[in-house]
Amino acid sequence: MANDRLVAISNGGRLEAVGAPVAAGQAGAHLLGEVGAEDAEHPASSQSHRPQLQQALSGLVDRDCSDKLTAQADAEGRLPDARRLRDLKDTTVSSEWLWAVDPRSPAALEPDAFVSAVRLRLGAGFALEPLLCRACRRVLDPGGSHALCCAPGESTRGHNDVRDAVFDLVHLADATAEKEVLGLLEAAPGLRPADILTSAASPGLTSALDVGIASPDAAHAGADCAEAMRVRKRAVYSRFLPALEAEGIEYRPLVWSCWGREHPDTTATLTQLARQAARRRSMPDHIRLLQRARAQIGAALARRAAAMLRACMPG
7 MANDRLVAIS
17 NGGRLEAVGA
27 PVAAGQAGAH
37 LLGEVGAEDA
47 EHPASSQSHR
57 PQLQQALSGL
67 VDRDCSDKLT
77 AQADAEGRLP
87 DARRLRDLKD
97 TTVSSEWLWA
107 VDPRSPAALE
117 PDAFVSAVRL
127 RLGAGFALEP
137 LLCRACRRVL
147 DPGGSHALCC
157 APGESTRGHN
167 DVRDAVFDLV
177 HLADATAEKE
187 VLGLLEAAPG
197 LRPADILTSA
207 ASPGLTSALD
217 VGIASPDAAH
227 AGADCAEAMR
237 VRKRAVYSRF
247 LPALEAEGIE
257 YRPLVWSCWG
267 REHPDTTATL
277 TQLARQAARR
287 RSMPDHIRLL
297 QRARAQIGAA
307 LARRAAAMLR
317 ACMPG
């Protein structure tokens, strides 16, 4: 049996639990640890087996180093670096794709994309001097921050990947959820304000979830690029909002920075969806579902950033 499973895995099959059904699982379900369980630095690692004091002290040291790097970038006028560092240290950013070495993992990146995404995350330069952007023929800075405001084709593909990752969570909470729904209003049949339409995000309401990804280096990003995009999205649909509300539909933007930081409204929505999904599946809590969704979203954002950079780099 073990050899059969090894062959199946090698051929791209899934590692299914073995043994007779037991409660909600199977007898052999815990022969292998959960993802990250054996790596103390993995974001999904169990906290119960780690020295709590050492973990807390290490966290303080890490945050102090991060604050110093951010302050240094500010002092030296490296504003894109400072913005990137502030976003990356937000607690809602998922970095699990850095550990996803199994190519079958939803959070895994292709080798070329992985290298580019890591270099972007570290702020490593891609050139010694500014280049001509292949997508728009403007200046591409050596750090690549221009690319995250450009490359519309790859930006849209990455947006759709994030939408699909969110939909995977939504569908666990609401089996009737739909993507890209047209005809919500008779007065505007071509209007499509919802990347995802679901009844699981707000009790008693249907929610039109509109995914957005913002760069802190964009021209109109302001002090908080996610909040600026949320405001812009609501302004675009402002004249339709009363009619949508009259139909029992709330318009709700879900916005991330290009580095993975969630807008507070996005955090609240994802948490509500994970709680609802956990209740439907009789799970003890929602944490694992939320963590898995964030891992998929984080990987989609990293893949998007890498693709946008490649689209802008000279051939």
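Just so you know, we're using the working numbering here: the sequence shown kicks off at 7 and counts up by one. Glycine included, each C-beta is placed from N, C-alpha and C at the ideal position. Keep in mind it's a predicted model, so treat the numbers as computed, not measured.
Compute the Euclidean distance between the alpha carbons of residue i and residue j, then round it to the nearest angstrom.
i, j, result
"A157", "E116", "19 Å"
"S205", "L279", "10 Å"
"R92", "G228", "14 Å"
"P222", "A62", "30 Å"
"D108", "A284", "26 Å"
"A113", "L75", "28 Å"
"A214", "A234", "19 Å"
"H165", "G266", "12 Å"
"L175", "R287", "12 Å"
"A35", "L295", "For A35, the pLDDT reaches just 49, beneath the cut-off of 50, and the residue's location in the model is therefore unreliable, leaving the point undetermined."
"E253", "A179", "22 Å"
"P209", "G83", "46 Å"
"A193", "A249", "9 Å"
"T277", "C155", "28 Å"
"A153", "C318", "6 Å"
"R90", "A123", "13 Å"
"H226", "W262", "15 Å"
"V322", "E102", "There is simply no residue 322 to check, as the chain begins at 7 and stops at 321 in what is shown."
"P49", "L191", "43 Å"
"R125", "P195", "44 Å"
"L138", "P320", "7 Å"
"G65", "G189", "49 Å"
"A313", "A232", "21 Å"
"G159", "R316", "12 Å"
"A224", "R238", "13 Å"
"L247", "T212", "13 Å"
"H177", "I255", "18 Å"
Exposed or buried, which one is residue i when buried takes at least 16 other CB atoms within 10 Å?
i, result
"P290", "exposed"
"A29", "Because the pLDDT of A29 is 44, which lies under 50, any placement of that residue in the model is unreliable, and the question is left without a value."
"H269", "buried"
"E186", "exposed"
"V217", "buried"
"T182", "exposed"
"R236", "buried"
"R143", "exposed"
"A119", "buried"
"G304", "buried"
"R300", "buried"
"G31", "The pLDDT assigned to G31 is 48, lower than 50, so where the model puts this residue is not dependable; a value taken from the coordinates is nonetheless given after this. Classification for G31: exposed."
"C71", "exposed"
"P259", "buried"
"T162", "exposed"
"W99", "Looking at the sequence provided, one finds Val at residue 99 rather than Trp. Buried, because 16 or more other Cβ atoms sit within 10 Å of the Cβ of V99."
"E184", "exposed"
"Q409", "This structure does not reach residue 409, given that the chain is present from 7 up to 321, and the question cannot be answered."
"L104", "buried"
"D167", "buried"
"Y257", "buried"
"Q282", "buried"
"T97", "exposed"
The beta strand (DSSP E) spanning residue i covers which residue range?
i, result
"G261", "According to the sequence shown, residue 261 is Val rather than Gly. First-last of the beta strand (DSSP E) with V261: I255 to S263."
Which stretch, first to last residue, makes up the alpha helix (DSSP H) that contains residue i?
i, result
"R127", "P117 to L128"
"G304", "I293 to C318"
"D271", "P270 to R286"
"A157", "No alpha helix (DSSP H) contains A157, which DSSP labels as neither H nor E."
"A133", "A133 -> no alpha helix (DSSP H), and no H or E assigned at all."
"L250", "L247 to A252"
Indicate whether at least one CB of chain C lies closer than 9 Å to the CB of residue i.
i, result
"L203", "You won't find chain C in this structure, because it holds only one protein chain."
| Stretch pair the region 200-215 + the region 296-312: three plus CB contacts closer than 8 Å | no
| What are the uninterrupted segments assigned as beta strand (DSSP E) that are 3 or more residues long and contained completely in the region 164-239, given in chain order? | 202-204 and 212-220
| said: With three or more beta-carbon pairs closer than 8 Å as the criterion, would you say the region 168-186 touches the region 238-245? | reply: no
| query | Do the region 115-135 and the region 145-162 meet, that is, are 3 or more Cβ pairs less than 8 Å apart? | reply | yes
| Length-filtered (3 minimum) beta strand (DSSP E) runs lying within the region 70-96 | none
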